[in-house]
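What follows is a set of notes on a single structure, which appears directly below.
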Amino acid sequence: MIIIGLGGNLPSRFGPPALTLRRALEKLEEFGAKPVSCSPFYGSHPVPVSDQPDFVNAVALIKTGLPPGALLQQLLSVEQEIGRSRGEANAARTIDLDLLAYGDICLEGQHPDAPGLLLPHPRMHLRGFVLAPLCDIAPEWIHPQLRLTARELFAALPETQGIWRL
């Protein structure tokens, strides 16, 4: 199972964040990453807390023949095509596409085809805005390192971190 996270809190040339996320899914399909399932959209407060606009988030399961490093490059290409400009960490953005998990593969940044790539995403198990939508489409997905399901990880969060279904 390949899992990507989608999020954004600024409008793009495609419209408000929810429309931008839909467009990102269409773009992924053009690059050969076919969405199999997409969660409902969720609203969330920025993490860490700031005065930025709230985010719209979703999680999608995709199918692709691309290896993890090439898929990550395609995600970055889609972000750039949609209009993301990278600046300071945790800044407001039009689109954010994260490769959260790629099957049971665990990478710690050492793979020659994907230097720096960490799989599964090192903070996904701490983020309600990832786990709530993931529970909607794959509640029994098992984290390959922690050996807990998405549902168990979500239940273990100290709070829902200010997330709500849109």
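The opening residue of the sequence shown carries number -10 in the working numbering; numbering runs sequentially from there.
By construction, the Cβ of each residue, glycine as well, lies at the ideal position given by its N, Cα and C atoms.
Check	Outcome
Whole beta strand (DSSP E) runs in the segment 49 to 94 with 3 or more residues, listed along the chain?	85 to 91
Would a C-beta distance cut-off of 7 Å place S28 and D87 closer than the cut-off?	no
Cα separation between Q99 and L106?	8 Å
Give the DSSP-derived three-state secondary structure of R112 in the structure shown.	coil
To which residues of the same chain is I152 closer than 6 Å at the C-beta, ignoring the five residues directly before and after it?	Y31, S33, G117, F118 and A121
Take the Cβ of A13 as the centre, count every other Cβ of all protein chains shown within 10 Å, and call the residue buried at 16 or more, exposed below.	buried
What three-state label does DSSP hand F30 in the structure shown?	coil
Mapping the DSSP letters down to three states, classify F3 as helix, strand or coil.	coil
Compare the beta carbon distance of D93 and P133 with 7 Å and say whether it is the shorter of the two.	yes
Less than 7 Å between the beta carbons of I(-7) and A78, yes or no?	no
Can you tell me whether DSSP reads P24 as helix, strand or coil?	strand
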